[in-house]
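Take a look at the structure set out below.
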Ligand code: PCA
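Numbering (the numbering used here), first residue to last: 31 to 354.
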């Protein structure tokens with residue numbers, strides 16, 4: 031069925047291309063920040079295959095994963111500058127450009143998939159407008175599983191986090207760690223294992239996915255299921271590069287993107303339980319957080335949300351109004 035549909039889409043494309051007489055083959059380099067095994071990367075590889083099939087090879091997308099072409103913090107700039115036509119990055123990395131990009135990384139604002147979906151519906155129009163000003167267009171966005179706490183010993187209260195060398199992945203998490211009294215250090219996902227084994231860090235907050243993929247059991251023993259936020263990756267395209275494509279190819283890219291977003295959310299949801307099981311199977315203690323710990327963390331979250339609202343201005347208000 032799927033094959034038939036793809037053939038039909040390919041045939042429709044070939045017909046359009048023949049009509050307009052502009053069938054030329056394009057090849058896009060696309061940088062992504064996370065390793066090949068990461069479900070986001072798997073989903074994007076599938077997206078690339080879908081585009082190639084639907085356009086009969088008129089557009090091929092070559093992935094450069096794990097920060098191999100551009101380091102993670104450079105990817106959005108490379109797409110903006112037109113060095114590459116498309117790329118993936120962690121959406122809230124753009125918080126330094128506008129706080130609205132970081133709504134999904136605010137602690138305890140949206141902590142499950144239903145709320146994350148509502149938050150994305152509220153955030154997407156704002157993100158689309160802001161990206162448009164940078165010459166970018168979102169193709170699709172997919173969440174990580176809810177973020178949990180990885181430590182060497184059991185954490186019963188926020189006080190237990192004091193002084194811990196804490197791995198972070200964005201400015202919001204860095205602030206969270208600081209407010210909890212920990213000592214944050216920014217480390218990209220592919221470098222997590224090394225940062226722990228060399229003693230640069232000793233604790234982190236991330237998803238069961240990233241924990242399992244970096245074999246967290248080799249350097250920490252406890253996973254506390256705090257479900258603190260559900261942050262997203264986004265795949266964007268340079269608008270100039272997109273406009274250069276034939277209409278039929280553009281349509282094929284947008285259709286594949288829509289499919290990739292739906293598939294990515296499904297993959298993310300399936301990932302949560304599967305990866306927590308892997309943590310357990312490898313000897314980690316999976317802990318339900320104490321009420322005291324959650325109270326303390328939520329207090330920090332409330333302070334941060336106030337600061338975020340101020341920083342995000344009218345765009346932040348627009349998001350919060352739509353979300354509530
Ligand atoms: N994994 C990525 C971002 C959020 C997540 O779950 C990381 O740890 O860098």
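Yeah, the Cβ is synthetic: ideal placement off N, Cα and C, and Gly gets one too.
Outcome for residue i when other beta-carbon atoms lying within 10 angstroms are tallied against a minimum of 16
i: residue 68; result: buried
i: residue 198; result: buried
i: residue 274; result: exposed
i: residue 262; result: buried
i: residue 126; result: exposed
i: residue 321; result: exposed
i: residue 337; result: exposed
i: residue 254; result: buried
i: residue 347; result: exposed
i: residue 155; result: exposed
i: residue 291; result: buried
i: residue 112; result: exposed
i: residue 276; result: buried
i: residue 340; result: exposed
i: residue 66; result: exposed
i: residue 296; result: exposed
Helix, strand or coil at residue i according to DSSP, with G and I counted as helix
i: residue 94; result: strand
i: residue 343; result: helix
i: residue 243; result: helix
i: residue 68; result: coil
i: residue 103; result: helix
i: residue 50; result: Its pLDDT being 47, under 50, residue 50 is placed unreliably by the model, and nothing is read from it.
i: residue 359; result: Since the first residue shown for the chain is 31 and the last is 354, residue 359 is missing from the structure and cannot be characterised.
i: residue 184; result: coil
i: residue 275; result: coil
i: residue 58; result: strand
i: residue 314; result: coil
i: residue 86; result: coil
i: residue 139; result: coil
i: residue 354; result: coil
i: residue 221; result: helix
i: residue 112; result: coil
i: residue 132; result: helix
i: residue 155; result: helix
i: residue 294; result: helix
i: residue 192; result: coil
i: residue 249; result: coil
i: residue 228; result: coil
i: residue 127; result: coil
i: residue 303; result: helix
i: residue 210; result: coil
9 angstroms Cβ cutoff met for residue i and residue j
i: residue 314; j: residue 246; result: yes
i: residue 226; j: residue 196; result: no
i: residue 109; j: residue 166; result: yes
i: residue 77; j: residue 305; result: no
i: residue 133; j: residue 149; result: yes
i: residue 62; j: residue 83; result: no
i: residue 189; j: residue 326; result: yes
i: residue 176; j: residue 202; result: no
i: residue 143; j: residue 173; result: yes
i: residue 317; j: residue 218; result: no
i: residue 60; j: residue 104; result: no
i: residue 182; j: residue 232; result: yes
i: residue 240; j: residue 222; result: yes
i: residue 235; j: residue 324; result: no
Residue i beta carbon near ligand 2 (any heavy atom closer than 8 angstroms)
i: residue 167; result: The ligand content of the structure shown is limited to ligand 1, which means ligand 2 is not among them.
Beta bridge counterpart(s) of residue i as assigned by DSSP
i: residue 197; result: 215 and 234
i: residue 73; result: Partner(s): none; residue 73 has no beta bridge.
i: residue 263; result: 120 and 172
i: residue 268; result: 166
i: residue 179; result: 235 and 254
Next item on the list: May I have all residues whose beta carbon comes closer than 5 angstroms to any heavy atom of ligand 1, sorted in chain order?
Entry: 174, 199, 219, 236, 237 and 240
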